[in-house]
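Okay, so here's the structure we're looking at.
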Amino acid sequence: MARSMQGENRSGSDIAGLASVLAFLAAAILLVSSGLQNSLLDTSYTERGGDPAVAYAISEGIAHSSFSLIGASILLLGIAIVRQKNLNIILGAFTGLFGLLLLIGGVIPAGDPGLDSTTAIEAVGGIIWFIGFIGWFVTTMVIGGFTIKQARA
Numbered sequence: 222m223a224r225s226m227q228g229e230n231r232s233g234s235d236i237a238g239l240a241s242v243l244a245f246l247a248a249a250i251l252l253v254s255s256g257l258q259n260s261l262l263d264t265s266y267t268e269r270g271g272d273p274a275v276a277y278a279i280s281e282g283i284a285h286s287s288f289s290l291i292g293a294s295i296l297l298l299g300i301a302i303v304r305q306k307n308l309n310i311i312l313g314a315f316t317g318l319f320g321l322l323l324l325i326g327g328v329i330p331a332g333d334p335g336l337d338s339t340t341a342i343e344a345v346g347g348i349i350w351f352i353g354f355i356g357w358f359v360t361t362m363v364i365g366g367f368t369i370k371q372a373r374a
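Read left to right, the sequence shown gives residues 222 to 374 (the working numbering).
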């Protein structure tokens, strides 16, 4: 979507281009994390002295860091949608809002609100991140639906 919004003399095309780059960076980070997790499936990893728990924790940390980039990408995509007015402006606003929530939830400490050891700020951070995460999926599906609908018209 962000790639199709780029072009000369289009407002928000620079923001859409940056959103596209951030999305590709997030995909690369998730690929590295996935590769680390897949390497743990090989028994030779532990035979050579590797600690699976440490490697898994590192891969989870790498994967978690990608959500800040995804949040920033979705936020910028929402801003570009609003500026270009090529889709529903309300959809662009919700896309930006959920991207902001995902970005904020990835930056502040986040924890599970159901645990006794979780502080209040961690519980709020976890809820903000979860709302942004679910909103990311919903807005992605709605944007896809709008794009297909416009292509058929």
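Ideal placement from N, C-alpha and C gives every residue a C-beta, glycine not left out.
1) Within 8 Å, do at least three Cβ pairs link the region 343-356 to the region 321-328?
2) With residue 276 and residue 261 assumed to form a contact (beta carbons below 8 Å), what rounded beta-carbon distance in angstroms separates them?
3) Mapping the DSSP letters down to three states, classify residue 333 as helix, strand or coil.
4) For residue 296, which residues of its own chain have a beta-carbon under 7 Å away from its beta-carbon, when the five flanking residues on both sides are left out?
5) Identify whether residue 287 lies in helix, strand or coil by the three-state DSSP scheme.
6) Shorter than 9 Å from the beta carbon of residue 327 to some beta carbon of chain D?
7) Between which two residues does the alpha helix (DSSP H) containing residue 251 stretch?
8) Rounded to the nearest angstrom, what separates residue 293 and residue 340 at their Cα positions?
9) Can you find the residues in the same chain that come closer than 8 Å, C-beta to C-beta, to residue 359, ignoring five residues on each side of it along the sequence?
10) Hey, could you find the ends of the alpha helix (DSSP H) residue 306 is sitting in?
11) What residue range does the alpha helix (DSSP H) around residue 231 cover?
12) Going by the CB atoms, is the gap between residue 288 and residue 314 shorter than 9 Å?
13) Pull up the CB-CB distance for residue 232 and residue 305, whole angstroms please, since I reckon it's below 8 Å.
14) Answer yes or no: do residue 348 and residue 330 have a C-beta to C-beta separation smaller than 9 Å?
15) Going by C-alpha to C-alpha distance, which of 374, 333, 309 sits closest to residue 364?
In terms of the structure at hand:
1) yes
2) The residue you call residue 276 lines up with position 55 of the sequence shown. The residue you call residue 261 lines up with position 40 of the sequence shown. Their Cβ separation, rounded to whole angstroms, is 6 Å, which keeps residue 276 and residue 261 in contact under 8 Å.
3) Here residue 333 refers to the residue found at position 112 when the sequence shown is read from its first residue. Coil.
4) The residue you call residue 296 lines up with position 75 of the sequence shown. If we look at residue 296 and ignore the five residues flanking it on each side, its Cβ neighbours are 317, 320, 321, 324.
5) The residue given as residue 287 occupies position 66 in the sequence shown. Reduced to three states, the DSSP call for residue 287 is helix.
6) Absent from the structure: chain D. Only one protein chain is present.
7) Within the sequence shown, the letter at position 30 stands for residue 251. Element bounds for residue 251: 234-260.
8) Locating residue 293 in the sequence shown gives position 72, counting from the first residue. Locating residue 340 in the sequence shown gives position 119, counting from the first residue. The straight-line gap from Cα to Cα measures roughly 26 Å.
9) Stepping through the sequence shown from its first residue, residue 359 is reached at position 138. Once the five neighbours on either side are set aside, the close Cβ partners of residue 359 are 319.
10) Position 85 of the sequence shown holds residue 306. Unbroken run through residue 306: none, as it is neither H nor E.
11) The sequence position of residue 231 within the sequence shown is 10, counting from 1. Taken as a continuous stretch (DSSP letters only), residue 231 belongs to no alpha helix (DSSP H), as it is neither H nor E.
12) Locating residue 314 in the sequence shown gives position 93, counting from the first residue. Locating residue 288 in the sequence shown gives position 67, counting from the first residue. No. Outside cutoff.
13) Sequence index remark: in the sequence shown, residue 232 carries index 11 (1-based). Sequence index remark: in the sequence shown, residue 305 carries index 84 (1-based). With 8 Å as the limit, residue 232 and residue 305 qualify as a contact, their Cβ atoms being about 6 Å apart.
14) Taking the first residue of the sequence shown as position 1, residue 348 is located at position 127. Taking the first residue of the sequence shown as position 1, residue 330 is located at position 109. No, they are not a contact pair.
15) Taking the first residue of the sequence shown as 1, we reach residue 364 at position 143. Here the closest residue by C-alpha is 309.
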